[in-house]
Amino acid sequence: MKTNLIIALAIGALISATLLVIEPLTDFAYLSLEWPGISAAYLFWGAVGGSAFMGVALAWAVNALAYGLGALAILSALKPLMTPKTC
Numbered sequence: 001m002k003t004n005l006i007i008a009l010a011i012g013a014l015i016s017a018t019l020l021v022i023e024p025l026t027d028f029a030y031l032s033l034e035w036p037g038i039s040a041a042y043l044f045w046g047a048v049g050g051s052a053f054m055g056v057a058l059a060w061a062v063n064a065l066a067y068g069l070g071a072l073a074i075l076s077a078l079k080p081l082m083t084p085k086t087c
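Under UniProt numbering, read the sequence shown as residues 1 to 87, first letter to last.
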């Protein structure tokens, strides 16, 4: 389970980083995919008046957790299919 969690968080971080990198290249076409992180950053920025860098870092972290949770669900569902069966 610990291995699946680490793999899922790495997948979530990779997806989140990819979405942040392609934002300006696609003229913000995929901004709706970043909604959980953007919402958290907006709330953080409004609550404490933090810097833009901290807002982007928070958005990346929240998106990494959100997509990591989805990846963990998929990995957990596929685990019985990937384990070898013994007779």
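Quick reminder that beta carbons are idealized off the backbone N, C-alpha and C, glycines included.
By the three-class DSSP mapping on this structure, what secondary structure does Glu23 have?
coil
Are the Cβ atoms of Val62 and Gly37 separated by less than 8 Å?
yes
Rounded to the nearest angstrom, how far is the Cβ of Leu9 from that of Gly68, given a contact under 8 Å?
4 Å
Whole angstroms is fine: what's the gap from Ala13's alpha carbon to Ala59's?
11 Å
Check for me: the alpha helix (DSSP H) holding Ser32 runs from which residue to which?
Ser32: not part of any alpha helix (DSSP H); DSSP gives it neither H nor E.
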